[in-house]
Structure formats: structure tokens, C-alpha cells
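Quick notes on the structure that follows.
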Amino acid sequence: MNDAYAPGQHLLIDFWQAAQPTDLAQVERLLRAAAAACGASVLDVRLHGFGAAGGITGVAILAESHISLHTWPERDFIALDIFLCGQRDPLLALEVLRAALRPGRVAVSAHRRGAASEAD
Numbered sequence: 003m004n005d006a007y008a009p010g011q012h013l014l015i016d017f018w019q020a021a022q023p024t025d026l027a028q029v030e031r032l033l034r035a036a037a038a039a040c041g042a043s044v045l046d047v048r049l050h051g052f053g054a055a056g057g058i059t060g061v062a063i064l065a066e067s068h069i070s071l072h073t074w075p076e077r078d079f080i081a082l083d084i085f086l087c088g089q090r091d092p093l094l095a096l097e098v099l100r101a102a103l104r105p106g107r108v109a110v111s112a113h114r115r116g117a118a119s120e121a122d
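Per the numbering used here, the very first residue in the sequence shown carries number 3; after that it's consecutive.
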């Protein structure tokens, strides 16, 4: 299996020492702003809060795939996932998230989804 089809870019991002969003409306605005920055179309946003001092999980379901956020305030950590199909640039969404959450440390891994590996 060695075809050249790759539907999009997928970023897996870890933020440490980041500003922790505290309410669901704030997370929804942030996810929508990140999607808008890269020209993605938001189909739906789903959110769940884990109690007053707990974290938040949110996902923006996009026509182009998704952007998700998972917070652990007790660990000062946020895990993000940006997968965009087509010509959309996930780095534009990442910059919006980075500016809003102001992490002290960031780790990003980028994956070209669907790309055949050399072993194929």
C-alpha cells in the first residue's frame, strides 16, 4: 500500500503551566476562535465540565475534522488535538490557543494522516 493520499495534518499538543479555562462558555469561544483562525467550519461544539474544581473536555466538530481540549487544573496541564483535512493550516488554530492559554511549556507533534510510511 503505497499511495500518496493524505487527508490532512494532525497536531497533538501538550501545554504545561497554562491558564486554565474555568467555564464552558469560555472554552466554546476559544474552540470557535481557533477554528475561525484557520478557516474551518464548526458543525457542533460539545463540552463537559468535571465539577467546580475539575477539568473541562471540549471538542469542536468541524466539517474539516476536529479540535479538542482536555484540561487538568490539578496538574496544570492541557492536552489539545487539532486535525484538519484539506488545505487548512492547524498551526493557525494552535496560535490562537497558545495566545489565549499562555503556556509556560509546549510540546507539539505533527502527523500527516493517511500518508504511507516507508515500510509500506
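All C-beta atoms, glycine included, are put in the ideal place defined by N, C-alpha and C.
Limits of the beta strand (DSSP E) - the one that residue i falls within
| i | result |
| --- | --- |
| residue 34 | Residue 34 -> not in any beta strand (DSSP E); alpha helix (DSSP H) instead, spanning 26-39. |
| residue 109 | 107-115 |
| residue 81 | 79-87 |
Residue i classed as buried or exposed, judged by whether at least 16 other C-beta atoms fall within 10 angstroms
| i | result |
| --- | --- |
| residue 90 | buried |
| residue 45 | exposed |
| residue 67 | buried |
CB contact flag (residue i, residue j, <7 Å)
| i | j | result |
| --- | --- | --- |
| residue 26 | residue 51 | yes |
| residue 40 | residue 99 | no |
| residue 92 | residue 13 | yes |
| residue 106 | residue 19 | yes |
For residue i, the residue or residues it bridges with in DSSP
| i | result |
| --- | --- |
| residue 60 | 49 and 71 |
| residue 19 | In DSSP, residue 19 forms no bridge with anything. |
Cα-Cα separation between residue i and residue j, rounded to whole angstroms
| i | j | result |
| --- | --- | --- |
| residue 21 | residue 64 | 25 Å |
| residue 70 | residue 85 | 9 Å |
| residue 23 | residue 30 | 10 Å |
| residue 82 | residue 114 | 17 Å |
| residue 101 | residue 112 | 19 Å |
| residue 3 | residue 60 | Here residue 3 scores only 46 on pLDDT, less than 50, and its place in the model should not be relied on; the value that follows carries that caveat. Whole-angstrom Cα-Cα distance: 35 Å. |
| residue 74 | residue 88 | 31 Å |
| residue 62 | residue 16 | 18 Å |
Boundaries of the alpha helix (DSSP H) in which residue i is found, first to last residue
| i | result |
| --- | --- |
| residue 97 | 92-103 |
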